[in-house]
Structures are given as C-alpha cells and as structure tokens.
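Asker:
2 protein chains.
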Amino acid sequence: MPKPAEVEELLRGAGLRVTRPRVGVLSAVYRRPHADTDSIVGAVREDLGEVSTQAVYDVLRALTKAGLVRRIEPAGSVARYESRVGDNHHHVICRSCGAIADVDCAVGEVPCLHASDDHGYEIDEAEVVFWGTCPACRSAA
Amino acid sequence: MPKPAEVEELLRGAGLRVTRPRVGVLSAVYRRPHADTDSIVGAVREDLGEVSTQAVYDVLRALTKAGLVRRIEPAGSVARYESRVGDNHHHVICRSCGAIADVDCAVGEVPCLHASDDHGYEIDEAEVVFWGTCPACRSAA
DNA sequence: CCCGTTGATTGGAATGACTCAAGACTACAT
DNA sequence: ATGTAGTCTTGAGTCATTCCAATCAACGGG
C-alpha cells in the first residue's frame, strides 16, 4: 500500500503527469484489488470529492498503457483493474459470486506455458483463469 | 461439418426442439468457428432469410446452456462461439487482428492445470489463453 | 518566480453489445 | 386433432465504454 508520495513517484517514473485524479485512481486500485470501474469511481470520489467518470476511464487507460495497472476482463464480468503487475500471476474466479483471488504463477516469467501447437503465432503471454466455487458460496449452497 | 439431419439429431439429443433458427444457428457455428454474434446472424440470414437478431441471441444462449456450443469471451472482444465442446482445448489470440486458433490441451481433461494455491476454491476448469501475434500480422509489421 | 505549451479533465452525447417484456406462433406429445 | 410449453418477433431499454470539443492544469523554459 504505497503512500501518496510513492504513488506520485510511480506516475513520474512512468512519464505521466501527476494530477489529483491520477493519484486518486492509482491509490484506489492499490487499495481495492480487482475492483471494477464503478467502484473505483466511488472510491476516488470519497477521497477527492467530484471527479468525472470519464476522467477515471481515461486515467485507467493511461495507467494500463503505462504498465502501472493491469486490466483484467473475466468472461461475463465488466473490466477490473489490479495493481500487481510484472509478476505474471493468474486468477481464480468464483462462478457464483464473481469473487477473484490471485494465484501465483508457478513459473513466474512470461509466457509460463507453451502451446502444444502455436499455429505460427509468436506468443508473449499465457493467461490462465481458474473457474470454480469460492468457500463462501460452497458453504451457502 | 455435420449435415442438416445430424444437426437436428444433435438438437434432439440435447432435449431441444428442432426449429429453423436453431438448425441455422448451430450449422453456422460449425461452419464458422470463433464467429461473433453479428457474423452468425449474417450467416443464418444467408441460409434462411429473415431471422431476428434476438432469436439468434436466444438460440445461442440455449445452445450454450445445453452444452452444444461453447461461448468464449476474449478480453477486448465481443462474445464468440465455437462448436468444439467437451475436449477442453485452449485458444491462441492475435493481439493485433484478433484472429483465434485452437490449441489442443496437452492433458485433455478438466481441469488440466492445478493452482499453486487454490484459496479454498473448488476449481472445475482451467481456462488458458495464449496471447501473441499471428503470422499474417507479423509479416505485415 | 511567472508563462506558455502540451497534455489532462470535463460534460455531453453517442455507440454498440446485450437484455427484457409481451404477444403471436409452432413443434411436439397426448 | 388439439393443447401447451417453449420459441420467435417486435420494440424498447440498459449499461459499460468511447468520442468530441472546450476548458483547465502541470511542469519545463525563460
């Protein structure tokens, strides 16, 4: 959980200008892993007051392009963002409630898996999603 | 590529009624692997004439629930459908043009991978997506 | 320390995939 | 043949996301 000053340093290091919405959004992503855009907007507004929805969308795209956050798009869900980047970890998602948890990659480097037949593609990443039922939903059933 | 009679048999075997839109949609999915809804609508209309877009959506959902087709939702793309079901294969997707190719699973049975830490989830499937650049886009660059 | 340029933010409107509701219709069983 | 559960159609609506033009602010050069 980086301090505001560290967040600013992260932005500067990525060649991005330091603005209030950007600091707020990046902090919110650190604070709430796997949050969707809507809840990030809410979190930022709690901190900063008024921020336009479009600013958050724009900032998230800029942060994603800069490699400071990672956008994940599980099937059947809206886009979500997380701050863990560069360590090529994977996710386990509950089919029932949509909860997401991180799963460390056994290999650690991309691409961690190799296709049996790559069809001539030059593969740079292997994305793994484990689908299942989380403990809470399992005991509720 | 099943004949119309075989398609009807597939539908009946899944406990679904045999209707013109259903036969048309299921044939179209066999004919065009990894097609999105829009191009399936187009393909069905070529065969049958007028079919409402909503009927296609509805049929695709029914076929998915019955396990006759599989819905895949690659990040940054609309939903796509394929007829290969039950063999737990994976996909390689071109970052540039979105082309999708099948990759046979080395294991063959679900779940083919096991998480290093399952967080208590009961995992029933491991979905793998390989991201890269297809031969055509690579030579065009 | 101030100022201008460049890039960010805002607000409004639009896009597009997908869903919902209500009624007409039809495949299939009795 | 006939009833009925399940399909198809039409039309409207939802929601995440994007586009555009105008305003505004960060930050490096003076």
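First to last, the protein sequences are chains A and B.
Position in the first sequence (first residue = 1) + 368 = this note's numbering.
Position in the second sequence (first residue = 1) + 368 = this note's numbering.
Note that the Cβ used here is the ideal one computed from N, Cα and C, for glycine as well.
On a predicted model such as this, the values are computed, not experimentally measured, just so you know.
Just how far apart, CA to CA, sit His487/A and Ser507/B?
Answerer: Here residue 487/A is taken as the residue at index 119 of the first sequence, counted from 1. Here residue 507/B is taken as the residue at index 139 of the second sequence, counted from 1. Their Cα atoms are separated by approximately 14 Å.
Asker: Note down, in chain order, all residues in the segment 422-437 of chain A with a beta-carbon under 7 Å from any beta-carbon belonging to chain B.
Answerer: Within the segment 422-437 of chain A, no residue has a Cβ that lies closer than 7 Å to any Cβ of chain B.
Asker: Please look up how many angstroms separate the CB atoms of Ile408/B and Val397/B, rounded, as I've assumed it's under 8 Å.
Answerer: In the second sequence, the residue the question calls residue 408/B occupies position 40. In the second sequence, the residue the question calls residue 397/B occupies position 29. With a Cβ gap of about 7 Å, Ile408/B and Val397/B count as contacting.
Asker: Using only the alpha-carbon positions, how far apart do Ala382/B and Val393/A sit?
Answerer: As a first step, residue 382/B must be located in the second sequence, where it is residue number 14. As a first step, residue 393/A must be located in the first sequence, where it is residue number 25. Between Ala382/B and Val393/A, the C-alpha separation is close to 48 Å.
Asker: If contacts are defined as beta-carbon pairs under 8 Å, then Met483/B and Phe498/A qualify, I think. What distance do you get, rounded to the angstrom?
Answerer: Start at 1 with the first residue of the second sequence, and residue 483/B comes out as number 115. Start at 1 with the first residue of the first sequence, and residue 498/A comes out as number 130. Rather than Met, the amino acid found at residue 483/B in this sequence is Ala. About 5 Å separates the two Cβ atoms, so the contact holds.
Asker: Mind listing which residues of the segment 455-469 of chain B have their C-beta closer than 9 Å to chain A's C-betas, in chain order?
Answerer: Answer set for the segment 455-469 of chain B: His458, Val460, Ile461, Cys462, Arg463, Ala467 and Ala469.
Asker: So that I know if they touch, is there some Cβ in chain B lying closer than 8 Å to that of Asp404/A?
Answerer: Counting from one through the first sequence, the residue named residue 404/A turns up at place 36. By this cut-off, Asp404/A is not an interface position.
Asker: Scan the segment 485-508 of chain A for residues whose Cβ lies nearer than 8 Å to a Cβ of chain B and list them as they occur along the chain.
Answerer: The residues in question are Asp485, Asp486, His487, Gly488, Tyr489, Glu490, Ile491, Asp492, Glu493, Ala494, Glu495, Val496, Val497, Phe498, Trp499, Gly500, Thr501, Cys502, Pro503 and Arg506.
Asker: Quick check: Ala447/B and Glu441/B, are their CB atoms within less than 8 Å of each other?
Answerer: For the purposes of this step, residue 447/B is identified with residue 79 of the second sequence, where counting begins at 1. For the purposes of this step, residue 441/B is identified with residue 73 of the second sequence, where counting begins at 1. Yes.
Asker: Along chain B, which residues have their Cβ under 8 Å away from the Cβ of Val471/A?
Answerer: For the purposes of this step, residue 471/A is taken as residue 103 along the first sequence, with counting starting at 1. In chain order: Ala483, Ser484, Asp485, Asp486 and His487.
Asker: Using a Cβ-Cβ cut-off of 8 Å, state whether Glu441/A counts as contacting chain B.
Answerer: Residue 441/A sits at position 73 when you count from the first residue of the first sequence. Interface residue, yes.
Asker: Rounded to the nearest angstrom, how far is the Cβ of Arg438/A from that of Glu450/A, given a contact under 8 Å?
Answerer: As a working mapping, residue 438/A is identified with position 70 in the first sequence. As a working mapping, residue 450/A is identified with position 82 in the first sequence. Right, the Cβ-Cβ distance comes to about 5 Å (below 8 Å), so this counts as a contact.
Asker: Let's see if you can read the secondary structure: which residues bound the beta strand (DSSP E) around Val460/B?
Answerer: Sequence index remark: in the second sequence, residue 460/B carries index 92 (1-based). His458 to Cys462 is the span of the beta strand (DSSP E), which, as asked, contains Val460/B.
Asker: What in chain B is Cβ-close to Gly444/A, meaning under 8 Å?
Answerer: Residue 444/A sits at position 76 when you count from the first residue of the first sequence. Here the neighbours are Glu441.
Asker: Only counting the same chain, and skipping five residues up and downstream in sequence, which positions put a Cβ closer than 7 Å to that of Ser445/B?
Answerer: Looking up residue 445/B in the second sequence gives position 77. Within the same chain, Ser445/B has close Cβ partners Gly466.
Asker: Kindly indicate which three-state DSSP category Asp492/A falls into: helix, strand or coil?
Answerer: Counting from 1 along the first sequence, the entry for residue 492/A is found at position 124. Strand, per DSSP.
Asker: Do you know offhand how far Tyr425/B's Cα is from Thr405/B's?
Answerer: The sequence position of residue 425/B within the second sequence is 57, counting from 1. The sequence position of residue 405/B within the second sequence is 37, counting from 1. If I take the Cα positions, the gap works out to 7 Å.
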